[in-house]
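The structure under discussion appears below in the form of C-alpha cells.
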Amino acid sequence: MALKIVKGSIDRMFDKNLQDLVRGIRNHKEDEAKYISTCIDEIKQELKQDNIAVKSNAVCKLTYLQMLGYDVSWAAFNIVEVMSSSKFTYKRIGYLAASQCFHESTDVIMLTTNQIRKDLSSPNQYDTGVALTGLSCFVTPDLARDLANDIMTLMSHTKPYIRKKAVLIMYKVFLKYPESLRPAFPRMKEKLEDPDPGVQSAAVNVICELARRNPKNYLSLAPLFFKLMTSSTNNWVLIKIIKLFGALTPLEPRLGKKLIEPLTNLIHSTSAMSLLYECVNTVIAVVWLSVLKYLGLLAMSKILKTHPKSVQSHKDLILQCLDDKDESIRLRALDLLYGMVSKKNLMEIVKKLMLHVDKAEGTTYRDELLTKIIDICSQSNYQYITNFEWYISILVELTRLEGTRHGHLIASQMLDVAIRVKAIRAFAVAQMATLLDNAHLLTGNTQHSGICEVLYAAAWICGEFSEHLEDPMATLEAMLRPKVATLPGHIQAVYVQNAAKLFSTVLCGQEGAPADSKVAQETSQLLIDRLPVFVQSDNLEVQERASCILQLVKYIQKLQQKDVEVAEEVTALFAGELNPVAPKAQKKVPVPEGLDLDAWINEPPSGSESEDEGRKTKGKAVFAREESRHTKPRYTEVDEKELAKRREVRKAEQANNPFYIKASPSSQKVRTASSPNRQLVLWMPMSDQYVKLEEERRQKNKADRKKDKKKRREKGRQRRGDSGPESEEDITPAHMVDIVTEEMPENALPINSSLTSRCITDVCDIQGNLHDGSQVVVSVIFENKCDSFIKSMEFNVMDSLNSKLQRPEGAGPHDSLTVPFHLPPGISSEARFIFSVQSIVMPQKLKGTLTFIVKDSSTHEKLDFKLHFTCTSYLITTPCYSDAYAKLLESGDLKGSSLKLEGINQPFHHLLARICFHHHFSVVERIDSCASMYSRSIQGHHVCLLVKTADQTVSIDAKCDEPGLLRNVLDEIKLTFSQC
Amino acid sequence: MQFMLLFSRQGKLRLQKWYVPLSDKEKKKITRELVQTVLARKPKMCSFLEWRDLKVVYKRYASLYFCCAIENQDNELITLEIIHRYVELLDKYFGSVCELDIIFNFEKAYFILDEFLLGGEAQDTSKKNVLKAIEQADLLRSVPLHGVIQPVSYSAWCELASQHGVNQPVSYSAWCEPASQSVSMV
Numbered sequence: 001m002a003l004k005i006v007k008g009s010i011d012r013m014f015d016k017n018l019q020d021l022v023r024g025i026r027n028h029k030e031d032e033a034k035y036i037s038t039c040i041d042e043i044k045q046e047l048k049q050d051n052i053a054v055k056s057n058a059v060c061k062l063t064y065l066q067m068l069g070y071d072v073s074w075a076a077f078n079i080v081e082v083m084s085s086s087k088f089t090y091k092r093i094g095y096l097a098a099s100q101c102f103h104e105s106t107d108v109i110m111l112t113t114n115q116i117r118k119d120l121s122s123p124n125q126y127d128t129g130v131a132l133t134g135l136s137c138f139v140t141p142d143l144a145r146d147l148a149n150d151i152m153t154l155m156s157h158t159k160p161y162i163r164k165k166a167v168l169i170m171y172k173v174f175l176k177y178p179e180s181l182r183p184a185f186p187r188m189k190e191k192l193e194d195p196d197p198g199v200q201s202a203a204v205n206v207i208c209e210l211a212r213r214n215p216k217n218y219l220s221l222a223p224l225f226f227k228l229m230t231s232s233t234n235n236w237v238l239i240k241i242i243k244l245f246g247a248l249t250p251l252e253p254r255l256g257k258k259l260i261e262p263l264t265n266l267i268h269s270t271s272a273m274s275l276l277y278e279c280v281n282t283v284i285a286v287v288w289l290s291v292l293k294y295l296g297l298l299a300m301s302k303i304l305k306t307h308p309k310s311v312q313s314h315k316d317l318i319l320q321c322l323d324d325k326d327e328s329i330r331l332r333a334l335d336l337l338y339g340m341v342s343k344k345n346l347m348e349i350v351k352k353l354m355l356h357v358d359k360a361e362g363t364t365y366r367d368e369l370l371t372k373i374i375d376i377c378s379q380s381n382y383q384y385i386t387n388f389e390w391y392i393s394i395l396v397e398l399t400r401l402e403g404t405r406h407g408h409l410i411a412s413q414m415l416d417v418a419i420r421v422k423a424i425r426a427f428a429v430a431q432m433a434t435l436l437d438n439a440h441l442l443t444g445n446t447q448h449s450g451i452c453e454v455l456y457a458a459a460w461i462c463g464e465f466s467e468h469l470e471d472p473m474a475t476l477e478a479m480l481r482p483k484v485a486t487l488p489g490h491i492q493a494v495y496v497q498n499a500a501k502l503f504s505t506v507l508c509g510q511e512g513a514p515a516d517s518k519v520a521q522e523t524s525q526l527l528i529d530r531l532p533v534f535v536q537s538d539n540l541e542v543q544e545r546a547s548c549i550l551q552l553v554k555y556i557q558k559l560q561q562k563d564v565e566v567a568e569e570v571t572a573l574f575a576g577e578l579n580p581v582a583p584k585a586q587k588k589v590p591v592p593e594g595l596d597l598d599a600w601i602n603e604p605p606s607g608s609e610s611e612d613e614g615r616k617t618k619g620k621a622v623f624a625r626e627e628s629r630h631t632k633p634r635y636t637e638v639d640e641k642e643l644a645k646r647r648e649v650r651k652a653e654q655a656n657n658p659f660y661i662k663a664s665p666s667s668q669k670v671r672t673a674s675s676p677n678r679q680l681v682l683w684m685p686m687s688d689q690y691v692k693l694e695e696e697r698r699q700k701n702k703a704d705r706k707k708d709k710k711k712r713r714e715k716g717r718q719r720r721g722d723s724g725p726e727s728e729e730d731i732t733p734a735h736m737v738d739i740v741t742e743e744m745p746e747n748a749l750p751i752n753s754s755l756t757s758r759c760i761t762d763v764c765d766i767q768g769n770l771h772d773g774s775q776v777v778v779s780v781i782f783e784n785k786c787d788s789f790i791k792s793m794e795f796n797v798m799d800s801l802n803s804k805l806q807r808p809e810g811a812g813p814h815d816s817l818t819v820p821f822h823l824p825p826g827i828s829s830e831a832r833f834i835f836s837v838q839s840i841v842m843p844q845k846l847k848g849t850l851t852f853i854v855k856d857s858s859t860h861e862k863l864d865f866k867l868h869f870t871c872t873s874y875l876i877t878t879p880c881y882s883d884a885y886a887k888l889l890e891s892g893d894l895k896g897s898s899l900k901l902e903g904i905n906q907p908f909h910h911l912l913a914r915i916c917f918h919h920h921f922s923v924v925e926r927i928d929s930c931a932s933m934y935s936r937s938i939q940g941h942h943v944c945l946l947v948k949t950a951d952q953t954v955s956i957d958a959k960c961d962e963p964g965l966l967r968n969v970l971d972e973i974k975l976t977f978s979q980c
Numbered sequence: 001m002q003f004m005l006l007f008s009r010q011g012k013l014r015l016q017k018w019y020v021p022l023s024d025k026e027k028k029k030i031t032r033e034l035v036q037t038v039l040a041r042k043p044k045m046c047s048f049l050e051w052r053d054l055k056v057v058y059k060r061y062a063s064l065y066f067c068c069a070i071e072n073q074d075n076e077l078i079t080l081e082i083i084h085r086y087v088e089l090l091d092k093y094f095g096s097v098c099e100l101d102i103i104f105n106f107e108k109a110y111f112i113l114d115e116f117l118l119g120g121e122a123q124d125t126s127k128k129n130v131l132k133a134i135e136q137a138d139l140l141r142s143v144p145l146h147g148v149i150q151p152v153s154y155s156a157w158c159e160l161a162s163q164h165g166v167n168q169p170v171s172y173s174a175w176c177e178p179a180s181q182s183v184s185m186v
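If you're matching them up, the sequences are chains A and B in order. Per UniProt numbering, the very first residue in the first sequence carries number 1; after that it's consecutive. Per UniProt numbering, the very first residue in the second sequence carries number 1; after that it's consecutive.
Below, the structure written as C-alpha cells:
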C-alpha cells in the first residue's frame, strides 16, 4: 500500500505542473492550439485518477487554460471534487477554479451548497475565508437563499478576518436574495461600530452601496454616518461616506447645510487627491452653486501651488468671479489672483481690479481690493513690475478712494518705490506735486480719513527729491496753504520740514540768476507769512520744527536783504543723499567688541516674571532681530528651575498629604484601583491643583493655583507665537492650549476699535469627574484684556451626539449658559462647565461661542472657540502597585497594542515625566530603561503601558480593556512626542 | 468594481477577475474589445475612459496593463489607488514583481487579489493585514502542490527513481521541498 502511494506521487512528478504548462505554451508559439489540445487530453487523464493532488494540479492547469479562452466547463464536476478536499492547498485551488469558471448557469453549483456550508463553519479561518471569497464570485440566488443564515452568523465571528469578509459578501447575498436584507440589516448596522477598522470599513462599504440603490431607506442612518465622517481618518471609508451623503442629500435638503462644514474641512486638510475629488464631486451634486464656486476657487488655489500654469489659463473666469454678489467668493478669487500674476499679465489684472475698485460697494471689500492690488504688485520685492511709472500712477489713482483705511499702506509704497527706484524719481516727484496741489480733494469732506496719509509721503518725496521739481515754488506754496493746519500732526510736521527743503531748492534755483533775487526774497516772505500758523500748532513736533525753521528763514531774509548769497549754506542743511537700507541690515552690523548684550546694565529686579520682561524690552531696543536667539536659552533655564521648584513643592505636598501613600516597595498593601476609597489615593502630578479633592485642600492650594495658571497661560501664548522648536525641558501644559482662542479681528468696531481687539482670552482644562463616569468638568479661565468692563457673558457649545453640555433643568438643548460673573478690565476668573459624555473611546472636538457685552460700546461681541476633548482627558492618574498590576495583566481581559517612537533623544525619566504629565499616567515600576505605567479612565477602563527605550527608539506596549480608547491614547502620546 | 483585467503589451490576458456574473462568451468579447481600446491609447493619454455605460480605469506598470471597470458614480482616483495598492502587494509578495512572476504563479496572484478585494470592494486598506493573511494561508499549504510528504524510505525512493530512469540520486529533502519542480526530472 505504502508503495502504491509512493508510486502515485512519483508518477505525478512526471506529469506536467502549471509551470511546465506555461513554459510549454510559450515554447510552442506556432502550434499552440495543437499543443494545448494534447495538454487537455493529459488533463482529462489526470482527472480520472483517484489522487486528489493530481486532480488539483489538473484543475489548476485548467484554470489557466480557461483564462486563455478555452472552454473548461466540462470539468465543472472535477472542480467541485477538488473544492471538497480536506486539504487547504487543494481546496484553495478548487475554489479559485470555481470562482473563475462557474457562472449562474453552471448546473453543478447546486451540488456545492453543503460543501460550502461545511467550509463556512470550519474551525480553520482560512477554509472559511476561501469559501467566502469563492462564493463572492459565483453566488446564485439559490446559494444566497440557502447560505444567508450561515453568512449572517459569520458576521459575528470572533476573528475580524472572517467578519469583514462576511460583511462584504452579504452585499452580494442581498443582491441575489433581497429577502435576506431585512433580517440581516440590524447586524450590519452594528458592524458600523465594530472595533476592527477593517470590519467597520467593510460595513460602511456595504451600506453605502445599498444606500446608493435605494437611498430613502437609509436616511435614518445619516447621524451615524455623520459621526463616522467627522471621526474617521480612513480615506477609503470617507470616500464611501461622502458618496452616501451625495445620495441622501436630494432626499433631505437640510443635510446639505450640515455637510458644508465637514466637507470644507476635508477639502482644506486632505492631501489625498481622490478624497478631494470626491468631496468636490459631492458638493457639486448636493450643495448650491455659490458654495460650489467657492470650493472651486479653493481647489484652484491648491492646484495653483503645484501647477501655476494650468490655473493661469482660467484668469478670465476668476476675474469674472470678482463680479459675484457673494463677498466671500470675491475674496477667494482675489486670493487666487495674488498667486497667478506674472510679469506678462500683471498690468492687465491690476487694470481689471481697478475697474472693480470703482464699482465696489462697501468699504470693507474695497479696502480688501486695495490691499490686494498693493500685495499683488509688491509681492516678492516687486518681482512682477516691469514699469514703475505705471505703478506710481496706480498708487496715485488709488488715493482717489474715499474713506479707505489703508492710506498708510499706499504712502509706504510710494516712499518705498521713490527711494529705491532712482530712475522714476522725476516722474514720482511730478505726480506727488500734483497730489499736493490737489490735497484739498483728498482731505475734502472727511478730515481725518486714512487717505490723507499719502500726503505724508507726497510731501516727503517732493521735499527730499526737490531737484526734480519743475516748479518748486508752486509746490512750496501748495504745502503752506492754511488748510494744511487741519491735517494730523505728524503729517504737518513733515510738511514743515520739507517746506524748508523746498525753500533751499528755490533759493538755489533763483540765486543762479541774480536778477531774480526778488523771487528769492518773496519766497522767504511767503514762509515768514505762513509758518506762524504752524508755530501755534497744538502738536509739539510741528510747533518745534515750525518755530525753528521760522527763525532760520527770518535770519536768511536778513542776509538776503544785505545781498549775501545764502543758497549754498542753506542747501548744506539738507546735503547728502538718502540711501535705501535693507530691513535686515542691522543683522550684519557686528556686535562691538567688549559689548555683552546679555550682561545686566542695572541690577536685575527680583521676581522671575519681571526678569523676562526686562530682557525682552532690552533685546528689542538694541538688536531686535536677535531677540529670540539671545533670550531663548534663558527661558529654558527658567523653566528648568521652575520645574525643579514645582517638583520640590509637590514632594513636600505629598509628604504632608496623609492621603498620599508613597510607593515604597515595603508597603505591599494591595490597593487595586477599585478599592472603595480610591478618590483619596489620587494625586495628580502638576495638574493636581485642578482635581476636585477635599474642600480643605482646595483652600490650601488656592494661592498656588492662581500663580501657576498665570504662568501656564503665558507659556501657552509664548508657544503659540514661537515657531521655533521647543526645548527639551520645556514641558508644556497638557491640555490648556487645546482651546483655540480666536481673537477678535482688529478694528472690528469702527467706533472704538482699540477696545474690542484682544478683549478676552480664555484657557481651559478638561478633567474627568471622578464621581460620575460620564461627566467631564471643563474649567475655563476668562481674562479681560481690554480696558472696558465686560458683562453678560454667555457660554454655549454645540452638542454632539456623544458629548453634551449640561444645562440647568428646563433649558433647551441649544440654550447658552450665563457665566456667573462680570469682568472688570484686566481681571481673570474661572468658570466650570460640566459635560456629559457617553463614549470616551474617541477624542472629540466641540465648537462653541462666547458672547459678551463690552460696556463702553454696549455692543454684543462674539468669540468662537473649539474645545478639544482628547482621550487623555478622560484618564485619571491612579496609582497601582506592582502586584495588583501583575494580576491585572494576568487576568487576560486586556487587549494589546503597541507604538514605536523613533528619534527620541531625551533622557528616559523625562520621557516618563512627559507621559505622566501629559497623559495622566503613573509609574508602577521602573527598571533601568524599562518602565510600566498605569492609568484609569473615568469609566473604569484600565490602561497599562510598558515603555522601553534603546538607541533613541522608544517602544510602548500597551494593554487596555477598550481597544478603541487605547488606540486613541497611543495616538495622542505619539503626537505629544512628535511635537517636541 | 465590475471586473479587473491584467494584460500584456502584446494583448495577452494575464489575469481576469469578474465581480459580475457574465457568460464566457460575453467575458471574451469584453476582454477583446477593452484590450484593443486600451492598447491603442498613447502613453500620455488620460488613464480613464468611458466605455459603454462604465468607466474604465487603467494604468501601465512596466509591460503590464492593469485595467478596472467601475460604475459611473464610482471614484476613478480611488480605483487608481486600488490598482496601485495591488501592484504594491504583488511587489511585496514576490519581491520586485515582474510579468513572469504573475504568469508562472498566476494562482498566487489570484489569492492575493482575493485577499485584497472581495466582490469588487476593498476588504482591507492595510497592506500588512493582507500580506499576513496570505502568508498564513501559505503556511497551511504544508503540502507542496507537487509532492506529498509521506514517510518514504530513501531506498524505496531510489528504486522507483531508477525505474523511471532517474540516475542522479536526489536527496530526500530536495524532493520534499515545495520547489521540487526545479529538480528537473526530464
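Just so you know, even glycine gets a beta-carbon here, dropped at the ideal spot from N, CA and C.
Put simply, the CB of residue 2(B) is far from chain A, with every gap to its CB atoms at 9 Å or more.
Residues of chain B with a Cβ closer than 7 Å to the Cβ of residue 22(A) are, in chain order, 103 and 104. Here the alpha carbon of residue 475(A) sits roughly 14 Å from the alpha carbon of residue 497(A). Beyond the five residues adjoining it in sequence on each side, residue 493(A) comes within less than 8 Å, by CB distance, of 539, 541, 542 and 545 in the same chain, given in chain order.
Beta-bridge analysis with DSSP links residue 853(A) to 791(A) and 860(A). The residues 132, 135, 136 and 151, in chain order, have a CB closer than 7 Å to that of residue 169(A) in the same chain once the five nearest residues on each side in sequence are set aside. When beta bridges are read from the DSSP output, residue 823(A) appears opposite 790(A). Neighbours of residue 28(B) in chain A, taken as residues whose beta carbon is under 8 Å from its own, are 69 in chain order. Here residue 349(A) is not bridged, per DSSP, to any residue.
Distance from the CA of residue 826(A) to the CA of residue 785(A), rounded to the nearest whole angstrom, comes to 5 Å. If the five residues before and after residue 90(A) are omitted, its C-beta is found closer than 6 Å to the C-beta atoms of 52, 56 and 82, all from its own chain and listed in chain order.
Within a 10 Å sphere around the beta-carbon of residue 249(A) sit 16 or more other beta-carbons, which makes this residue buried.
Contact check for residue 524(A) against residue 466(A) fails: the beta carbons are separated by 9 Å or more. The C-beta distance from residue 851(A) to residue 794(A) rounds to 5 Å, short enough to meet the 8 Å contact threshold. Taking 9 Å as the CB threshold, residue 64(A) lines the interface with chain B. At a cut-off of 9 Å between C-beta atoms, residue 81(B) counts as an interface residue with respect to chain A. Per the DSSP secondary-structure output, residue 390(A) pairs with nothing in a beta bridge. Sequence-ordered contacts of the segment 5-25 of chain B with chain A read 12, 13, 14, 15, 16, 17, 18, 19, 21, 22, 23 and 24 [C-beta pairs closer than 9 Å].
The shortest C-alpha to C-alpha distance from residue 390(A) to any of 423(A), 189(A), 298(A) and 165(A) is the one to 423(A). Of the residues assessed, residue 320(A) falls on the exposed side of the cut-off, its CB having fewer than 16 other CB atoms within 10 angstroms. In this structure, the beta-carbon distance from residue 937(A) to residue 924(A) does not fall below 9 Å. Counting along the chain, residue 128(B) sits inside the alpha helix (DSSP H) bounded by residues 127-140. In the displayed model, residue 1(B) falls within coil according to three-state DSSP, outside both helix and strand. By the C-beta density criterion, residue 197(A) is buried, having at least 16 other C-beta atoms within 10 angstroms. Residue 49(B) is bridged by DSSP to 56(B).
Secondary structure within the segment 535-606 of chain A: the alpha helix (DSSP H) runs of 4 or more consecutive residues, fully enclosed, are 540-561, 567-573 and 585-588 (chain order).
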